[in-house]
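**Q** If you number the sequence shown the way the working numbering does, the last residue is 586 and the count never jumps.
I am attaching a structure below and will ask some questions about it afterwards.
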Amino acid sequence: MATTTPPSPPPTQGPPPPRPPSGPAVRAPGPNTARWVAAGALTLVVLIIAYILFSGGGGASYQLLFANASQLVRGDQVQVGGVPVGSVTDIKLTHDYKARVTIHVESSLAPLHEGTTAQVRVPSLTTVAGRYIALAPGPNNRPVLAAGSTLPTSDAQGTVDLDQLFDIFNHRTLKGLQNLFVGTAEQYAGAEEAAGISAEYFGPALASATHIFAELTRDQPTFTNFLIQSARALTTIAQHREQLTSLVGNANETFKALASEQSALQRGVHQLPATLQQGNRAFAELPSTFAALRSLVNVSKPDTKKLASFFARLAPLLNAAQPVLHNLSLAVSRPGPANDLTDAALGLPAFAHAVETGVPSSVTALQESVPVTAFFGPYAPDLAGAARDFGTDSGYYDANGHYARTAFVFDNFKLGADNTLTPATPQEGIQGAKLHQLRRCPGAGATPSPADGSAPFTDNGLLGCDPAEVP
C-alpha cells in the first residue's frame with residue numbers, strides 16, 4: 116500500500132508570555148499556559164503512534180503481474196539476495212486472468228528503480244510451502260518507480276512446478292518414464308551392496324554441490340538470469356512435446372537393444388582393463404616418438420627453405436595439369452550412361468560372362484576348322500607374295516579408282532646352238548606353256564628347286580598336291 120507522510124505537528128505552545136519587568140518579584144505562569152503545553156504534547160504522541168501504525172514502519176508498496184500466482188499466499192517473504200526485505204500483502208485476479216500480487220518492501224530498499232525484476236522461487240520442485248519472491252533491484256541511475264507502481268509481466272516471472280513439467284507429456288511418454296523407473300529398479304536388482312557402496316559417496320558429492328551452489332548464488336543477477344533462461348528453455352521444450360515423445364520412445368528402443376547385447380557389453384568391459392594397459396604402454400613410448408619427430412623436424416628445417424622455390428616451379432605444372440586432371444575426371448566419371456571408364460568397369464563382369472560363354476564355342480569352331488584351313492598354311496608365302504605384288508602393280512589411278520594392267524609375256528627368242536638366241540615364232544614362244552595345273556604344291560613356282568629337296572613341299576603326301584606340276 117502507499118505510504119503517507121504524517122502532517123507537521125502543531126505548535127506545542129502559544130505565543131511567549133510577556134517578559135516580566137525587572138525587579139525582585141517573579142510571577143509564576145498562569146493556568147492557561149500549562150493547559151496549552153499539555154495539549155500540544157498529547158497531540159504529538161497521538162501523531163507519532165498513528166504514523167507507526169498506519170505507515171507500516173516505512174517502506175513502499177508495489178504491484179507485480181504474474182501469469183499465475185504460483186501458489187503464493189499472503190505473508191510470503193520478499194527477498195533480495197536471500198535476505199528478507201518485505202512480504203506479500205495481497206493477491207488478486209485481474210480481468211484478463213492474471214495474478215496481481217501486492218508486495219511491501221522496507222524503507223532500506225525503497226524506492227525501487229526501473230529495471231527491477233521479480234521471480235517466484237521455491238526451495239525445491241517437490242514442495243508447495245516456503246515460496247518467496249526474489250527481487251533483482253534495478254540500477255540506481257535509472258528512473259525511480261513511484262510507490263504503488265506495477266511491474267509488467269515481462270519483469271515478473273513465475274515458477275514451474277513439477278506437476279506442470281509432467282503435464283507436458285502425453286500418456287505414452289509418461290508410460291515410458293514409468294518403464295524407465297521400473298527398468299532402473301530391475302537394473303539395481305541383485306546389486307544392492309554395490310549401490311550401497313556408491314551411496315557412501317553421496318555425502319562428498321553433496322558437499323561439492325554445496326560449494327557449486329554457493330558460487331552460483333554469489334552472483335545473484337547472473338543466477339537469476341540463468342533460471343529465467345532455463346524456464347524459457349522448458350517452455351520451448353513444452354512446445355515440442357511431440358518430438359520429445361518420439362525421442363523418449365526411440366531412447367526406450369535403444370535401451371532395449373543395449374539390454375539385448377548385455378553379454379557383449381560385459382565382455383567389452385572385461386577387456387577394457389587390458390586395453391587401457393596397452394594404451395599406457397603406447398603412451399609411455401610417446402616421449403621417444405616425440406624425440407624422434409623432433410630430430411626429424413630439425414633435419415628437415417634446411418630443406419624447407421627450398422620449398423618456396425619448389426612450390427613456385429610447381430605452380431605452372433599444376434596449372435597445366437588442371438585441364439588434364441579435369442579430362443581424366445570426366446573420363447573416369449561423366450554424367451550420363453555408358454560414357455566413362457566407371458561404366459566400362461561396371462560392364463566388365465557382363466563382358467567376362469559373355470567371353471566365358473563364347474570362348475568355348477570359338478575354340479570348338481577353330482578346332483573343327485583346322486582340317487579346312489590347314490590346306491592353306493603351306494601356301495601362306497605365296498598368298499603373301501601375291502598380295503604384296505598386287506599392291507605394287509596396282510599403282511594406277513583414274514576417276515574410277517585404282518586399276519592394274521596385266522599382260523601375258525611370251526619369249527620372242529629361243530636358245531639355239533652355241534647358246535645363241537635366235538628369233539622364235541609365236542608358236543615356238545608358247546611351246547613351253549602348260550595348262551590344267553590345278554594341284555601345284557607349295558614352292559613349285561618359277562624359281563629353281565633348292566638342292567635339299569625341300570620344295571616343292573608335300574608334307575609327306577598329306578597335302579594332296581602333285582609335285583610334278585611345275586612351270
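Ideal placement from N, C-alpha and C gives every residue a C-beta, glycine not left out.
In this text, all values refer to a predicted model and were calculated from it rather than measured experimentally.
1. According to DSSP, is HIS355 helix, strand or coil?
2. Put ALA559 into one of helix, strand or coil per three-state DSSP.
3. Does the beta-carbon of PRO571 have 16 or more other beta-carbons within 10 angstroms, so that it is buried, or is it exposed?
4. Please return the same chain residues whose Cβ sits closer than 6 Å to the Cβ of ALA249, not counting the five positions on each side in sequence.
5. How is ASP574 classed by DSSP in three states: helix, strand or coil?
6. Please classify PRO126 as buried or exposed, where buried requires at least 16 other C-beta atoms within 10 Å of its C-beta.
7. If we count the other Cβ atoms within 10 Å of its Cβ and call it buried at 16 or more, is GLY318 buried or exposed?
8. Please confirm whether ALA175 and ALA225 have their CB atoms less than 9 Å apart.
9. Where SER477 and GLU543 are concerned, what is the direct C-alpha to C-alpha distance, given to the nearest angstrom?
10. What is the rounded straight-line gap between the Cα of SER593 and the Cα of CYS580?
11. Tell me, which residues are paired with GLY201 by DSSP?
12. Once the 5 residues before and after SER448 are set aside, which same chain residues still bring their CB inside 6 Å of it?
13. From what residue to what residue does the alpha helix (DSSP H) around GLN482 run?
14. What does DSSP give as the partner residues of ILE248 in its beta bridges?
15. Could you tell me the distance, in whole angstroms, from the CA atom of LEU373 to the CA atom of PRO254?
16. For HIS219, which option in LYS213, PRO199 and TYR212 has the closest C-alpha, if you only look at C-alpha atoms?
17. Taking all protein chains shown into account, do 16 or more other C-beta atoms lie within 10 angstroms of the C-beta of TYR303, making it buried, or fewer, making it exposed?
18. Alpha carbon to alpha carbon, how far is ARG347 from ALA399? Give it in angstroms, no decimals.
**A** Let me spell this out:
1. What you label residue 355 is simply residue 240 of the sequence shown in a count that begins at 1. Three-state DSSP puts HIS355 in coil, outside helix and strand.
2. Indexing the sequence shown from 1 puts residue 559 at position 444. Reduced to three states, the DSSP call for ALA559 is coil.
3. One-based indexing of the sequence shown puts residue 571 at position 456. With 16 or more Cβ atoms within 10 Å of its Cβ, PRO571 is classed as buried.
4. Position 134 of the sequence shown, counted from the start, is the residue given in the question as residue 249. So the list reads GLN194, GLN234 and ARG236, once near-sequence residues are dropped.
5. Taking the sequence shown and counting its residues from 1, one reaches residue 574 at position 459. Collapsing the DSSP output to three states places ASP574 in coil.
6. As a working note, residue 126 is residue 11 in the sequence shown. Its pLDDT being 46, under 50, PRO126 is placed unreliably by the model, and nothing is read from it.
7. Position 203 of the sequence shown, counted from the start, is the residue given in the question as residue 318. So GLY318 counts as exposed.
8. Position 60 of the sequence shown holds residue 175. Position 110 of the sequence shown holds residue 225. In contact: ALA175 and ALA225 (Cβ atoms closer than 9 Å).
9. Looking up residue 477 in the sequence shown gives position 362. Looking up residue 543 in the sequence shown gives position 428. Rounded to whole angstroms, the separation of the alpha carbons of GLU543 and SER477 is 55 Å.
10. Because the chain is modelled from 116 through 586, residue 593 falls outside the range shown and cannot be assessed.
11. Stepping through the sequence shown from its first residue, residue 201 is reached at position 86. Paired residues: VAL193 and VAL220.
12. Sequence index remark: in the sequence shown, residue 448 carries index 333 (1-based). Once the five neighbours on either side are set aside, the close Cβ partners of SER448 are ASP455 and THR457.
13. Walking along the sequence shown from the start, residue 482 turns up at place 367. Boundaries of the alpha helix (DSSP H) harbouring GLN482: 456-488, taken from the DSSP string.
14. Residue 248 sits at position 133 when you count from the first residue of the sequence shown. As a beta-bridge residue in DSSP terms, ILE248 pairs with VAL193 and VAL235.
15. Within the sequence shown, numbered from 1, the residue matching residue 373 stands at position 258. Within the sequence shown, numbered from 1, the residue matching residue 254 stands at position 139. Cα to Cα, the separation comes out at about 55 Å.
16. The sequence position of residue 219 within the sequence shown is 104, counting from 1. It is PRO199 whose Cα lies nearest to the Cα of HIS219.
17. Counting from one through the sequence shown, the residue named residue 303 turns up at place 188. Exposed, by the Cβ-count rule.
18. Counting from 1 along the sequence shown, the entry for residue 399 is found at position 284. Counting from 1 along the sequence shown, the entry for residue 347 is found at position 232. CA-CA distance, ALA399 to ARG347, rounds to 49 Å.
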